[in-house]
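Trainee: Before we start, here is the structure in question, set down as structure tokens.
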Amino acid sequence: TRVIVLAFFVLFWCGSLVAAEVRVTEIMYNPQGNDNNLEYVEVYGEESMNLTGYVVGDASSQDSLELVYWNESSPFALIVESGFNHTGINASVYSAGLTIGDGLNNGGDTVLLVDRSGSVVDTVTYDEEMGGSGNGFSLCRDMVDNRVVECLPTPGEENEVGNESEGD
3 TRVIVLAFFV
13 LFWCGSLVAA
23 EVRVTEIMYN
33 PQGNDNNLEY
43 VEVYGEESMN
53 LTGYVVGDAS
63 SQDSLELVYW
73 NESSPFALIV
83 ESGFNHTGIN
93 ASVYSAGLTI
103 GDGLNNGGDT
113 VLLVDRSGSV
123 VDTVTYDEEM
133 GGSGNGFSLC
143 RDMVDNRVVE
153 CLPTPGEENE
163 VGNESEGD
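Counting in my numbering, the sequence shown runs from 3 upward without gaps.
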């Protein structure tokens, strides 16, 4: 059943990719230490956006987003677990509840962002071989060529994809 649902989302997403104005740009799926209240998904739009009523999910579960903190001047939004410390983050913050989906799987997962009409806005699939697996780094999308690479965590800020940890 999980594969069928995931296949539906991927097929549906491919048809709506061209019109996407909101993109998943960073995923912290396996922070150092305990994952509880530390995982996040960063979203970027051309301008400040209201994601209330959007749905975030993974391959197993979906959650409606609830506004925690509004930042009108930032094009970034952070989707977090309840209890996430968002002090000092320059972005709007939305809660997905206790976990994002059923918890972002440390071995690999697919993150989906669905708008209020039920259209899949964006999706990112990752696995631990891509990096960011408990080493203090996250995964960031290179918006030029759409690659997902290991990077320094920059929640609510422009990603530094040119500074991946590879070769350091």
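Idealized CB from N, CA, C, for every residue including glycine.
Is the beta carbon of residue 128 less than 9 Å from the beta carbon of residue 56?
Mentor: On the sequence shown, residue 128 is found 126 positions in, with the first residue counted as 1. On the sequence shown, residue 56 is found 54 positions in, with the first residue counted as 1. Against a cut-off of 9 Å, the Cβ pair of residue 56 and residue 128 comes out as no contact.
Trainee: Would you call residue 75 buried or exposed, if buried means 16 or more other Cβ atoms sit within 10 Å of its Cβ?
Mentor: Translated into the one-based positions of the sequence shown, residue 75 becomes position 73. So residue 75 ends up on the exposed side.
Trainee: Taking all protein chains shown into account, decide if residue 161 is buried (16 or more other Cβ within 10 angstroms of its Cβ) or exposed.
Mentor: In the sequence shown, the residue the question calls residue 161 occupies position 159. Classification of residue 161: buried, given that the 10 Å Cβ count is 16 or more.
Trainee: Kindly indicate which three-state DSSP category residue 158 falls into: helix, strand or coil?
Mentor: Counted from its first residue, the sequence shown places residue 158 at position 156. Here residue 158 sits in coil by DSSP.
Trainee: Run the CB neighbour count on residue 84, radius 10 Å, all protein chains shown included, and call it buried at 16 or more, exposed below.
Mentor: Locating residue 84 in the sequence shown gives position 82, counting from the first residue. With fewer than 16 other Cβ atoms within 10 Å, it is exposed.
Trainee: Can you tell which of 79, 96, 142 and 107 has the C-alpha that lies nearest to the C-alpha of residue 70?
Mentor: The count along the sequence shown starts at 1 and reaches residue 70 at position 68. Ranking 79, 96, 142 and 107 by Cα distance to residue 70 puts 96 first.
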